[in-house]
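For the sequence shown, our numbering begins at -12 and goes up steadily by one. Below is one structure; the comments refer to it alone.
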Amino acid sequence: MKIHTTEMEWNQVPAIMPLLDSPWFMWVLLLVTLALLVFLAAQFWKLHSLPKKLAKERSQGRFVFWLCIFGLWFKPLWVLAALLMVVDWEALRTWFVGEKA
């Protein structure tokens, strides 16, 4: 087979081709890809449920849980849930009412 109009000829396939054509290599590639996808999904879920975990410690669990769940489809709700967890409610109340500590 000639490449363009030159005298260069292609006589053999690269040494990696038998590996790429083997079925067991494709199965290994599939398993590694699936494992990576499962790992990434688990890490995403761990990050996504972080506000819910913190809310349980502060007894605001149900509200933040539902914000996290609905945040899967509408991201600002997840951001709101995360913000609710980092607010110091006692300091906010003190600031809002205007009491001195």
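Don't be surprised by glycine CBs; every beta carbon is placed ideally from N, CA and C. Remember, predicted model here, so these are calculated numbers, not experimental data.
Continuous alpha helix (DSSP H) stretch holding residue i: start and end
{"i": "L24", "result": "10 to 35"}
{"i": "W60", "result": "Here W60 belongs to no alpha helix (DSSP H), and DSSP marks it neither H nor E."}
{"i": "A78", "result": "76 to 84"}
Selected residue, minimal CA-CA separation from residue i, among the options
{"i": "H99", "options": "V66, L18, L17", "result": "The question about residue 99 has no answer, for the chain in this structure spans -12 to 88."}
{"i": "C90", "options": "W32, W76, E77, A2", "result": "Residue 90 lies beyond the residue range present for the chain, which begins at -12 and ends at 88; the question has no answer from this structure."}
{"i": "K40", "options": "L17, F26, A69, V25", "result": "A69"}
{"i": "L37", "options": "A78, M72, P1", "result": "M72"}
Buried or exposed by the 16-neighbour rule on C-beta atoms within 10 Å, applied to residue i
{"i": "G85", "result": "exposed"}
{"i": "P10", "result": "exposed"}
Cβ distance (whole Å) where residue i is taken to contact residue j below 8 Å
{"i": "L6", "j": "F12", "result": "6 Å"}
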